[in-house]
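Residue numbers (the working numbering), protein chains in the order written: chain G, 39 to 397; chain Z, 39 to 397; chain A, 39 to 397; chain R, 39 to 397.
Think of the CB as a built atom: it goes at the ideal place given N, C-alpha and C, for glycine as much as any other residue.
Single-structure report; data block below.
Here you go:
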């Protein structure tokens, strides 16, 4: 229901304008050093900090209130809490009875017959701060094995990266993957903002080639790519997910197939997954975000009585959710990989030889 | 593990060249008339029947061996069996020790230390015959509520449909959505086949606008779109999934947002899903298939000892898996919708008012 | 992992001596009035309040920090928090390196290689305060349908109830089911306490006969009785669970079978369950508790180095955990019933007729 | 729904008088030699073979139709099939409209509105042949680690074993644990049979003390004892489950607690489980069976119209289901242990040290 993962499981709660958002992360092996500074740094990356994102300023102080003893995980569930502070619920008063186009307002009300209308309630992207906190713990776990997840923004409003530079993205305020087009992308965001409009974008996340990616995932019904697609599509604003070469559907098998050599795969059209299992190459994931639904334009909608209304949104919004979304995508990929690693390092997917060794 | 769905659950077994493939479908409400002719027709649609697909000819006779009493479902699990007949395992003898590029061979062997190499073993698309059989039962269930799933092939090797015509697709041997380009698409397939090559393609599946789609799905972690993306990506050969307008990432919010009127949504860029819940509009799903991995070209690979080999595949293969894949995509969408309907018609997602009414 | 239930799902976190214990309750239908006073009353029933239970005094103030809007459930996950206050971790210092007999200390350390030794850590019965808080919400839900759960202590240290009086249990400080033996049971507890010893006991919980119990549960693998047995046995200190007549194993079918009349069942040896499904009669569950593991006697044990030690426990403990356990058993039964009701009121277990009605 | 286990998962289908019963066993590690003779021997133990059980004679030939390649498991799901042959559905014609007391007939009809009345349909104990087949595979897996499950009948109709002798049980036709009382137990069965009556019984199953039992299970919500209780209670006819000393509820802590010494536990009142985790001692499980519901006496009941009827059952039935039930209990314990072993040998429950070692 509100849970991600099978072995490393995250279950979350909380609304945009409630007291706090939080989650329970289960399945972290005992003995992991939980460096709170590193976890906070990761949470801070997702935070709004500049003109290119939302003006809502939250301290986003993350706390771990269980499952930790003397700085190490104990194997018990880890509860993560982030208190909400900067709440301007009044901004949302005019939305009590009306549905914002592009948002979950109408469908939520249709389903439940009532809703917490303040800031999107449960459906707000505010909840993703917990995904990032949990993702930071997943990254610590991956780090123990030398696995690294990287990501950034590939395109904004159709302005695409030229070369892909993950190191550049780390220091770009819009996480742009491309020094060549970053300025253009910034410009596009500011223009959209000025017009009260918003822009779509594409995020690229990868896990670097690694021996532990080989065989990761389950055949047929819990494939690595299926899990990635499901989880990414579940993130607010995502409308499309691709694995590997995005031109796949117009290609021929003779060009698409990656030849195998004793030194490894000679190309990576597959994006690192064959038959739903990692093949050890870079894991390549493209995530397409829609433009932020909250725009300052006057929009046609209806109210809870089904009457036509014209809405003008106040609130505080990101002009392009792909920017902060890229940090969440990284976190999600880290959570998925750590989950599968824990599952696959278990003997159930391995050989009897592995079964002996572990016993 | 080998299971699809939560309430309407399908668990499958079987390999390409084993005695049979089969599955267990749980959660079908008691009292559904299981018309075996209709189910068989659906299974036959997936079957190879012409030059555009694989020459492997299987009778694909589907049997329901439990959960049915006097022609109706009893609420007990329904077992579906399809025996394998036309098995030419010898064709695969040269693959015992070698890994086909683009296939699950290498990753499966890496994971399990051994594999059933005949025809792809468990990872063969042969298993999808059971998904189609179960999908046919799901369609019968949807039909009880007037819900309809349609689909077809949008593009083959980059040749895209002009207008979308689901009725045309029903009678096109390649399930083409477009009378204007069907001939071109066929031509492309035959050329690829002649060259021993294969082509990628894009499938479009939809559920027609319907009141029961409104509110379908779960917020945040079991969203309708997330489930669709996960399930479609889990199908053999799928590398990308889109919901709604595929140009989303280069659009502006002012164009993308669908205005709401008292008569319903005025456009459908969202593809019928807002906040992970169905909004009652057409549900629009794009599925990108890679070109068939099995091609007649000589390819570079390695054997189980890690030595370089050159492979030439015999076997019998589809030049474009998107064609038969489109039937499976329809089945999967039917299974997902029926599953969520059963889940959502339950009171857990509804109002207390609903809870009373059902009690 | 840390989750109870399938539709009404409770996932908990927290340790005996951590900052707080808490949980996430998912699946509560929107619109339920969450009367905080009633919920607190239920939590208080579980609390230690007298000489017959533990001297650890916790205010046990329960907070709902999400999923509630203007006093009603919204359908979003409800987070429950209870802060820990009265923590005397020093009492446990001598246990850092040693394992208390009867406790989870040795097995936890063996599994995880480290443990939070203070007050039992994650394995402490402290966590059950959250089960009771969630159970109170489940009871509110059951109440909407007129379903009632009752319970009490049947026997303590072998002193068994004569007649069963659930109303008496409500006002007995030891929740005794029997006015005739309550004094004797109290006496036994005080004597055991004086000797630094502890006593086992048997709890009886029931759901009153109700039309909505008919058909509750799932055949074969998710039976109502199977779920009850699993959940009750999962509670700290429980070693046995019976449904219906506890003399069943020495009876004859001709006496055990409950005859059916047009007015209903003529006896209730089955305890209200046939074939894993509720039959509408009283649901009768017996839960056997072991004597509290923490006793003041000197006991033989080992330390983390595997060396023999003699332990004398300080800490604060219940002489008979069955007493407070009876409140938790009621909560668990309420949670199980509400979960199955939500699942079963859904159409997946019902007839096609039901499917139509709900659509 | 119809599934047992989490990693080693069994999902079954089939009715008493259908074409076949079957199941899918997932999670068997690749490379296990599947000795069909040993598996058949185990299935045969459950079969009726003498005057003390049912006269229905089924060949019960078990087939594995997937997941096996050249005699070894491949890691793919293993389908088990057993065809039904000796079907006398006519015996049940008079039950089409009436409900047998003690059976699932009434509750099934109430739930689903229709039922396969022949021989109990889905609720028949016939399905347990698949549990035994799967249990045999689980036993093969346990055997690889030197783990052994034993069991037998402790009491029949109140006649209890004196000494416990698992080796004697292996060759007793009624699986009696006690040479001293076997004759008496047989006599009681024959007398009950002659009178058209039936008897309850108690089964004892154990896993022998073993290092791999230490730490087995999950704290709090997926405890080893909770799982055992849930699974055993889910078996047809089971009404009570105890772990360890059955007199626990009338004992004192000073007698009940098992002292720990450097050489291990000095007693085993706990039945091998502390805090839900195995402690390495013998795992001791008591299972209480009701008397067979099918008796030859005339019984009061109602028909589908709610009218009073008098029923006399024909059919073929065991006078004491505990006898054949004991074989199924062994199988279930083997399945539970193998499942937890696969789960726990995975790193998720272990230390970071374990995580490294496995990576």
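May I ask which residues mark the beginning and end of the beta strand (DSSP E) holding residue 277 (chain G)? Annotation: the continuous beta strand (DSSP E) that includes residue 277 (chain G) extends over 276-281.
Excluding the 5 residues preceding and the 5 following residue 104 (chain Z) in the sequence, name in chain order all residues of the same chain whose CB lies nearer than 7 Å to its CB. Residues of the same chain with a CB within less than 7 Å of the CB of residue 104 (chain Z), apart from the 5 flanking positions on each side, are 114, 115, 116 and 117 in chain order.
For residue 370 (chain G) and residue 47 (chain G), what's the separation of their Cα atoms in angstroms? Straight-line Cα distance between these residues: approximately 12 Å.
At least one CB of chain R closer than 8 Å to the CB of residue 128 (chain Z): is that the case? So, not an interface residue.
Looking at residue 278 (chain R) and residue 286 (chain A), is the spacing between their C-beta atoms short of 8 Å? In terms of Cβ geometry, residue 286 (chain A) and residue 278 (chain R) form a close pair [threshold 8 Å].
Could you name the residues of the segment 140-163 of chain A whose beta carbon sits closer than 7 Å to any beta carbon of chain R, in the order they occur along the chain? Against chain R - using a Cβ distance shorter than 7 Å - the residues of the segment 140-163 of chain A are 140, 141, 142, 144, 145, 146, 148, 149, 150, 151, 160 and 161.
In whole angstroms, give me the CA-to-CA distance for residue 389 (chain G) and residue 67 (chain R). A caution first: residue 389 (chain G) carries a pLDDT of 42, below 50, which makes its placement in the model unreliable, though a value can still be read off. Distance between the alpha carbons of residue 389 (chain G) and residue 67 (chain R) is about 5 Å.
Kindly list the residues whose CB is nearer than 6 Å to the CB of residue 142 (chain Z), restricted to its own chain and excluding five residues on each side of it in sequence; keep chain order. Here the set comprises 161.
Per DSSP, which residues does residue 326 (chain R) bridge with? Please list them. According to DSSP, which records beta bridges pairwise, residue 326 (chain R) is partnered with R:240 and R:278.
So, is the C-beta of residue 54 (chain R) closer than 8 Å to a C-beta in chain C? Among the protein chains in the structure shown, which are G, Z, A and R, there is no chain C.
Which of helix, strand or coil DSSP assigns to residue 69 (chain G): Collapsing the DSSP output to three states places residue 69 (chain G) in coil.
Interfacial residues, the segment 320-332 of chain A to chain R, with Cβ spacing under 7 Å: Taking 7 Å as the Cβ-Cβ cut-off against chain R, the residues of the segment 320-332 of chain A that qualify are 326, 327, 328, 329, 330 and 331.
Is it true that the CB of residue 230 (chain R) sits closer than 8 Å to the CB of residue 195 (chain R)? In this structure, residue 195 (chain R) sits near residue 230 (chain R), with a CB-CB distance shorter than 8 Å.
Looking at chain G, which residues of the segment 76-105 of chain A have a Cβ within less than 8 Å of any of its Cβ atoms? Result list: 103, 104 and 105.
Could you give the residue range of the beta strand (DSSP E) that holds residue 219 (chain Z)? Secondary structure note for residue 219 (chain Z): it is in no beta strand (DSSP E), and the uninterrupted alpha helix (DSSP H) holding it is 217-232.
Give the secondary structure of residue 189 (chain Z) by DSSP, where H, G and I count as helix, E and B as strand, and everything else as coil. Three-state DSSP puts residue 189 (chain Z) in a strand.
Whole angstroms are fine: how far does the CA of residue 365 (chain A) sit from the CA of residue 122 (chain A)? Between residue 122 (chain A) and residue 365 (chain A), the C-alpha separation is close to 20 Å.
Nearest to residue 300 (chain G) (by Cα), restricted to the options Z:188, Z:318 and Z:344: Selected option, being the one with the closest Cα: Z:344.
Grouping DSSP H, G and I as helix and E and B as strand, with all else coil, what is residue 121 (chain G)? Collapsing the DSSP output to three states places residue 121 (chain G) in a strand.
State the CB to CB distance for the pair residue 361 (chain G) and residue 90 (chain G), rounded to an integer number of angstroms; the pair is presumed to be in contact (CB under 8 Å). Going by Cβ atoms, the distance from residue 361 (chain G) to residue 90 (chain G) rounds to 6 Å, so yes, they are a contact pair.
So is residue 261 (chain Z) in contact with chain G if we call contact Cβ pairs under 8 Å? For residue 261 (chain Z), a Cβ of chain G is located within less than 8 Å of the residue's own Cβ.
Just to confirm, is the Cβ distance from residue 321 (chain G) to residue 45 (chain G) under 8 Å? Between residue 321 (chain G) and residue 45 (chain G), the CB-CB gap reaches or exceeds 8 Å.
Secondary structure of residue 148 (chain Z), DSSP reduced to three states: Reduced to three states, the DSSP call for residue 148 (chain Z) is helix.
In this structure, does DSSP put residue 303 (chain R) in helix, strand or coil? Strand, per DSSP.
Simplified DSSP state of residue 74 (chain G), which is helix, strand or coil: Residue 74 (chain G) falls in the helix class under three-state DSSP.
Just the chain R side, please: which residues come within less than 8 Å of residue 271 (chain A) by C-beta, in chain order? For residue 271 (chain A), the chain R residues whose Cβ falls inside 8 Å of its Cβ are 261, 263, 264, 266, 267, 268, 279 and 281, in order along the chain.
Considering only the alpha carbon of each residue, which of A:357, A:351 and A:376 lies closest to residue 155 (chain A)? Checked all of A:357, A:351 and A:376; the closest Cα to residue 155 (chain A) is A:351.
Does DSSP put residue 132 (chain A) in a helix, in a strand, or in coil? Helix.
Candidates G:356, G:218 and G:133: closest to residue 339 (chain G) by CA position: For residue 339 (chain G), the closest C-alpha among the options G:356, G:218 and G:133 is that of G:133.
Quick check: does the Cβ of residue 335 (chain Z) come within less than 7 Å of any heavy atom belonging to the ligand NAD? With respect to small molecules bound, the structure shown includes none, and the ligand NAD cannot be examined in it.
Alpha-carbon to alpha-carbon, residue 291 (chain G) and residue 71 (chain R): Taking the straight line joining both Cα atoms gives about 38 Å.
With DSSP as the reference, label residue 341 (chain R) as helix, strand or coil. Note: residue 341 (chain R) maps to strand in three-state DSSP.
Residue 55 (chain G) to residue 131 (chain G) span [Cα, whole Å]: So the two alpha carbons sit approximately 13 Å from each other.
State the DSSP-derived secondary structure class of residue 336 (chain A), mapped to helix, strand or coil. Residue state, collapsed to three classes: coil.
Could you tell me how far apart the beta carbons of residue 190 (chain Z) and residue 207 (chain Z) are, in whole angstroms, since I believe they sit closer than 8 Å? For a cut-off of 8 Å, the C-beta gap from residue 190 (chain Z) to residue 207 (chain Z) is around 3 Å, short enough to register as a contact.
Would you please state the rounded distance, in angstroms, between the beta carbons of residue 80 (chain A) and residue 184 (chain A)? I believe it to be under 8 Å. That pair is no contact at about 18 Å.
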